[in-house]
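**Student:** Here the protein sequences line up with chains A and B, keeping their order. Residue numbers for the first sequence follow numbering that gives the first Met the number 0, so the first one is 0 and each next one is one higher. Residue numbers for the second sequence follow numbering that gives the first Met the number 0, so the first one is 0 and each next one is one higher. Think of the CB as a built atom: it goes at the ideal place given N, C-alpha and C, for glycine as much as any other residue.
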Amino acid sequence: MTQETVNNDATETEAPVTHVAPGPHLGGGCLTARWMMLDVLIGLLPVLLVSLWVFGWYAARVLAICVGSCVVAEGIFTAMRRRQCRLGDFSAVVTGVILAFSLPGTAPWYVAVIGSFAAIGIGKLAFGGLGQNIFNPAMVGRAFVMIAFTSAMAAGGYVASEKAGVPDALTQATPMTALQQEGKVASLGDLFWGDTNGSLGETSAFACLLGGLYLLIRRTAAWQIPLGVLLAVGIIAGGQNLMDLQAKWTVGHHLMGGALLFGALFIATDPVTSPLTGRGRWIFGLGIGAIVMLLRSLSAYPEGVMFAVLLMNAVVPLINRWTVPRPVGGPVPSKA
Amino acid sequence: MDYILSLLLIAIGAALINNFVLKYFVGICPFIGVSRRVDMAFGMGCAVTFVISIAAMLSWTFTNFILQPSAPLTKWIAGFFMSPEAAANIDLSILNYIVYIFVIASSVQLVEMYVRKFSPGMYKSFGVYLPLITTNCAILFACLEIMKHVSTGGGSGDWGSAGGGQSWGLAQALTLAVFGGIGFTIAIVIMAGIREELDHCDIPAPLRGAGITLIVAGILALAFMGFTGVDTKLKRKIAPERETTITASSHGSETHATSATGGSGQ
Chain A
0 MTQETVNNDA
10 TETEAPVTHV
20 APGPHLGGGC
30 LTARWMMLDV
40 LIGLLPVLLV
50 SLWVFGWYAA
60 RVLAICVGSC
70 VVAEGIFTAM
80 RRRQCRLGDF
90 SAVVTGVILA
100 FSLPGTAPWY
110 VAVIGSFAAI
120 GIGKLAFGGL
130 GQNIFNPAMV
140 GRAFVMIAFT
150 SAMAAGGYVA
160 SEKAGVPDAL
170 TQATPMTALQ
180 QEGKVASLGD
190 LFWGDTNGSL
200 GETSAFACLL
210 GGLYLLIRRT
220 AAWQIPLGVL
230 LAVGIIAGGQ
240 NLMDLQAKWT
250 VGHHLMGGAL
260 LFGALFIATD
270 PVTSPLTGRG
280 RWIFGLGIGA
290 IVMLLRSLSA
300 YPEGVMFAVL
310 LMNAVVPLIN
320 RWTVPRPVGG
330 PVPSKA
Chain B
0 MDYILSLLLI
10 AIGAALINNF
20 VLKYFVGICP
30 FIGVSRRVDM
40 AFGMGCAVTF
50 VISIAAMLSW
60 TFTNFILQPS
70 APLTKWIAGF
80 FMSPEAAANI
90 DLSILNYIVY
100 IFVIASSVQL
110 VEMYVRKFSP
120 GMYKSFGVYL
130 PLITTNCAIL
140 FACLEIMKHV
150 STGGGSGDWG
160 SAGGGQSWGL
170 AQALTLAVFG
180 GIGFTIAIVI
190 MAGIREELDH
200 CDIPAPLRGA
210 GITLIVAGIL
220 ALAFMGFTGV
230 DTKLKRKIAP
240 ERETTITASS
250 HGSETHATSA
260 TGGSGQ
């Protein structure tokens with residue numbers, strides 16, 4: 000990778016008259032890795048505020064641990080490879096924030112630390128660093144701790160044991176768990192404003208939509224992916240709802256509950272691990288939505304966004320192969 | 000209806016939930032060895048699916064009629080030489096492994112002859128991995144699962160919720176084999192797609208090749224864990240009245256899975 004860029008620079012300086020260089024030709028401006036990461040951080044601001052409002056000190060603690068460990072892990076691992084440390088592009092910070100927002104507020108500190116090291120080490124730097132990872136690093140870290148520390152990440156792990164000064168939200172079961180185990184249904188208003196228990200970033204649909212809209216307007220996130228996810232979930236949940244009109248857990252609950260909006264707007268839209276073409280992004284989004292609904296209604300887990308994102312990340316190379324766009328006027332590409 | 004449901008559950012279980020490669024980690028050798036290019040991986044998946052189906056069919060037949068305790072054919076033949084009681088007691092299941100290996104090896108030979116004749120290019124690119132299908136433990140694994148369900152009449156295990164209690168017929172055995180092969184193909188094709196992408200990545204030198212492949216396989220296995228429990232819930236949704244017949248063992252393991260893995264959040 001670095002070798003290539005060095006060569007490109009060399010050819011550019013040698014041939015100034017006819018400027019021949021591989022794309023992308025639109026340089027500068029705001030679409031650098033650093034600016035995109037900053038955009039994601041800005042987009043996550045409303046989510047941060049809501050989680051601080053709902054979970055208070057607990058949110059700040061997990062967030063600080065995750066971001067700190069991710070930055071440290073990035074520093075250690077790049078130093079081990081004797082590469083230039085690229086903390087300036089904020090990608091490690093973004094990974095840490097997203098990982099923290101997908102953990103329960105009551106997560107023990109070692110879960111957050113190990114999750115961060117797994118995210119950066121296994122999820123990103125084992126593949127060669129930013130831009131080369133196949134799977135979303137934050138989701139790899141979360142899956143790792145979810146399997147390794149089932150009790151901390153299971154339904155019971157979300158509920159704080161009785162102590163003074165615990166935020167209200169932390170004393171109740173998460174909406175998805177309450178639905179699966181007791182059949183209780185949270186109100187749409189709570190799900191919209193975020194006054195429920197759950198992973199730190201997922202509780203408020205409003206904050207996710209606000210931040211997500213910013214990302215979409217800035218074009219940091221591809222609009223096809225969240226739209227595809229919401230469309231698939233809407234159609235499948237709508238169908239379920241039509242078949243059973245008395246169901247209390249409606250389409251609205253499905254769309255605003257759990258990590259769906261957070262996942263669709265902030266996790267699935269990671270430009271590194273999502274397909275390159277528009278058609279591919281539609282397939283990617285629709286696939287995530289469909290798998291989320293499959294896992295929500297059939298699997299032993301109450302929520303499936305993490306698994307859906309990881310599964311669809313795995314097939315992104317294949318999607319890219321199948322959706323090679325035809326150049327205008329050119330022949331049909333015979334081989335990818 | 001019940002019969003079709005059991006086939007459906009075995010099929011989903013073998014292809015996704017209990018994917019041979021990503022749940023049991025059998026068949027890793029071709030999974031690592033032949034997953035460098037997507038077309039080759041697909042070819043290998045098809046070859047394994049074919050071999051696994053033939054082997055499963057034959058091994059079910061042998062197990063059912065000859066190898067299991069008091070199998071009909073064995074009893075009949077032995078009846079010529081000894082008293083009926085002694086003939087009924089003959090148990091040839093000690094020969095299981097030898098017979099299965101023999102069956103697998105001969106069906107691999109069949110595939111090898113076919114591939115060498117009709118697609119020499121693929122024959123060359125498979126190289127040693129084609130005869131090595133013989134030692135592909137995914138196939139032996141399928142045969143052994145079938146054996147377990149023919150001779151002991153179900154028992155627990157991961158297909159327990161699907162075919163629990165009744166011994167498997169040829170249709171169940173074949174479903175397990177074919178969809179197990181399809182699951183293998185899915186896993187190896189996904190892996191090949193990822194590995195083609197990894198060729199462009201700046202992977203740390205010690206991890207190149209098999210190392211990063213095993214890491215990817217691990218992450219894929221994590222992702223496939225999401226399907227846990229799909230079969231039991233599907234069964235409950237399609238045939239709710241069957242819930243009472245769920246055996247104690249499968250019910251116990253299911254509640255354990257729910258309590259252990261029932262995370263919230265993502």
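(1) Using a Cβ-Cβ cutoff of less than 6 Å, which residues in the same chain neighbour A/A236 once the five nearest sequence positions on both sides are dropped?
(2) What do you reckon, are the CB atoms on A/R370 and A/A172 nearer than 9 Å?
(3) Check the Cβ of A/R80 against every Cβ in chain B and list those closer than 8 Å, keeping chain order.
(4) Counting only Cβ-Cβ distances shorter than 7 Å, please list the residues of the stretch 89-112 of chain A near chain B, keeping chain order.
(5) Cα-Cα, which of A/A168, A/A147 and A/T94 is closest to A/P136?
(6) Counting only beta-carbon atoms, is B/H199 nearer than 9 Å to chain A?
(7) Are B/I187 and B/S52 touching if we call contact CB-CB under 9 Å?
(8) Give the DSSP-derived three-state secondary structure of A/A153 in the structure shown.
(9) Just reading off the alpha helix (DSSP H) that A/D38 is part of, what are its end residues?
(10) Is DSSP giving A/S198 helix, strand or coil here?
(11) Rounded to whole angstroms, what's the CA-CA distance from B/A46 to B/S118? Just pull it up for me.
(12) For the putative contact between A/G104 and A/V61, defined by C-beta atoms under 8 Å, what is the C-beta separation to the nearest angstrom?
(13) Do we get a CB-CB distance below 9 Å when we pair A/L124 with the residues of chain B?
(14) Who are the neighbours of B/V229 on chain A, taking C-beta pairs under 7 Å?
(15) Give a yes or no on whether the minimum CB-CB distance between B/A222 and chain A is below 9 Å.
(16) Run the proximity test for B/I145: is its beta-carbon closer than 8 Å to any non-hydrogen atom belonging to the ligand HEM?
(17) Does DSSP put B/P203 in a helix, a strand or coil?
(18) Under 8 Å Cβ-Cβ, which residues of chain A neighbour B/K232?
(19) Please check if any C-beta of chain A sits within less than 9 Å of the C-beta of B/T189.
(20) Who are the neighbours of B/S226 on chain A, taking C-beta pairs under 7 Å?
(21) Going straight from the alpha carbon of A/P274 to that of A/Q83, what length do you get?
(22) Rank B/T231, B/A86, B/F183 and B/C200 by C-alpha distance to the C-alpha of B/N18 and give the top, closest one.
(23) Tell me whether A/P45 sits in a helix, a strand or coil according to DSSP, three-state version.
(24) Under 8 Å, with one C-beta from each stretch per pair, do the stretch 23-43 of chain B and the stretch 209-218 of chain B reach the 3-pair mark?
(25) Please tell me whether B/K22 has its Cβ less than 9 Å away from any Cβ of chain A.
(26) State yes or no: is the beta carbon of B/V33 nearer than 9 Å to at least one beta carbon in chain A?
(27) From the beta carbon of B/E195, is the nearest beta carbon of chain A less than 9 Å away?
(28) A/Q131 CB to nearest chain B CB: under 9 Å?
(29) Could you confirm whether any beta carbon from chain A is found closer than 9 Å to the beta carbon of B/L206?
(30) Give a yes or no on whether the C-beta atoms belonging to B/A14 and B/I185 are separated by under 9 Å.
(31) Return the residues of the stretch 300-318 of chain A that lie within a Cβ-Cβ distance of less than 7 Å from chain B, sorted by chain order.
(32) What are the partner residues of A/P103, as DSSP defines its beta bridges?
(33) Nearest to A/G257 by alpha carbon, out of A/S115, A/M311, A/Y300 and A/L230?
**Tutor:** Judging by the given coordinates:
(1) Residue 236 of chain A sits at position 237 when you count from the first residue of the first sequence. Taken in chain order, the residues that qualify are V250 and H253.
(2) Since the first residue shown for chain A is 0 and the last is 335, residue 370 of chain A is missing from the structure and cannot be characterised.
(3) In the first sequence, residue 80 of chain A corresponds to position 81, counting from 1. Within 8 Å Cβ-Cβ: P203.
(4) Answer in chain order: S101 and P103.
(5) Your numbering for residue 136 of chain A matches position 137 in the first sequence. Of the listed residues, the one whose Cα sits closest to A/P136 is A/T94.
(6) Locating residue 199 of chain B in the second sequence gives position 200, counting from the first residue. B/H199 counts as touching chain A.
(7) On the second sequence, position 188 is the one that residue 187 of chain B refers to. On the second sequence, position 53 is the one that residue 52 of chain B refers to. B/S52 sits away from B/I187, with the two beta carbons spaced by 9 Å or more.
(8) Here residue 153 of chain A refers to the residue found at position 154 of the first sequence. When DSSP states are grouped into helix, strand and coil, A/A153 belongs to the strand group.
(9) The residue labelled residue 38 of chain A in the question sits at position 39 within the first sequence. Segment A32 to G42, the alpha helix (DSSP H) holding A/D38.
(10) Here residue 198 of chain A refers to the residue found at position 199 when the first sequence is read from its first residue. Of the three classes helix, strand and coil, the one that applies to A/S198 here is strand, per DSSP.
(11) Along the second sequence, read from residue 1 onward, the residue named residue 46 of chain B stands at position 47. Along the second sequence, read from residue 1 onward, the residue named residue 118 of chain B stands at position 119. Roughly 12 Å separates the two Cα atoms.
(12) For the purposes of this step, residue 104 of chain A is identified with residue 105 of the first sequence, where counting begins at 1. For the purposes of this step, residue 61 of chain A is identified with residue 62 of the first sequence, where counting begins at 1. About 6 Å separates the Cβ atoms of A/G104 and A/V61, confirming a contact at the 8 Å cut-off.
(13) Numbered from its first residue, the first sequence carries residue 124 of chain A at position 125. The beta carbon of A/L124 sits closer than 9 Å to some beta carbon of chain B.
(14) As a first step, residue 229 of chain B must be located in the second sequence, where it is residue number 230. Annotation: Cβ neighbours of B/V229 in chain A (cutoff 7 Å, chain order): L297 and S298.
(15) Here the question's residue 222 of chain B lines up with position 223 in the second sequence. For B/A222, the answer is yes, since a Cβ of chain A falls inside 9 Å of its Cβ.
(16) Within the structure as shown, the ligand HEM is missing, as the structure has no ligands at all.
(17) Reading the second sequence from its first residue, position 204 is the one you call residue 203 of chain B. Of the three classes helix, strand and coil, the one that applies to B/P203 here is coil, per DSSP.
(18) Within the second sequence, the letter at position 233 stands for residue 232 of chain B. The contacting residues are S296, L297, S298 and A299.
(19) The residue you call residue 189 of chain B lines up with position 190 of the second sequence. It is worth fixing the name first, because residue 189 of chain B is Ile in this sequence and not Thr. Closer than 9 Å: yes.
(20) On the second sequence, residue 226 of chain B is found 227 positions in, with the first residue counted as 1. Residue identity differs from the one stated: residue 226 of chain B is Phe in this sequence, not Ser. Ordered by position in chain A, the residues that pass the 7 Å Cβ test against B/F226 are S298.
(21) The sequence position of residue 274 of chain A within the first sequence is 275, counting from 1. The sequence position of residue 83 of chain A within the first sequence is 84, counting from 1. The C-alpha of A/Q83 is placed about 28 Å away from the C-alpha of A/P274.
(22) By one-based count along the second sequence, residue 18 of chain B stands at place 19. Per the Cα distances, B/F183.
(23) The residue labelled residue 45 of chain A in the question sits at position 46 within the first sequence. Helix, per DSSP.
(24) The stretch 23-43 of chain B is in contact with the stretch 209-218 of chain B.
(25) Locating residue 22 of chain B in the second sequence gives position 23, counting from the first residue. Not one chain A Cβ lies under 9 Å of B/K22.
(26) Within the second sequence, residue 33 of chain B is the residue found at index 34, counting from 1. For B/V33, the closest Cβ of chain A is not nearer than 9 Å.
(27) For this step, residue 195 of chain B is matched to residue 196 along the second sequence. Nearest CB-CB separation between B/E195 and chain A: below the 9 Å threshold.
(28) Position 132 of the first sequence, counted from the first residue, corresponds to residue 131 of chain A. Chain B contact via Cβ: present.
(29) By one-based count along the second sequence, residue 206 of chain B stands at place 207. Closer than 9 Å to some Cβ of chain A, the Cβ of B/L206 qualifies, so yes.
(30) For the purposes of this step, residue 14 of chain B is taken as residue 15 along the second sequence, with counting starting at 1. For the purposes of this step, residue 185 of chain B is taken as residue 186 along the second sequence, with counting starting at 1. For the pair B/A14 and B/I185, the CB atoms are nearer than the 9 Å cut-off.
(31) Those would be Y300, P301, E302, G303, V304, M305, F306, L309, L310, A313, V314, P316 and L317, in chain order.
(32) In the first sequence, the residue the question calls residue 103 of chain A occupies position 104. Bridge partners of A/P103: A/S198.
(33) Within the first sequence, numbered from 1, the residue matching residue 257 of chain A stands at position 258. Among A/S115, A/M311, A/Y300 and A/L230, the Cα nearest to that of A/G257 belongs to A/Y300.
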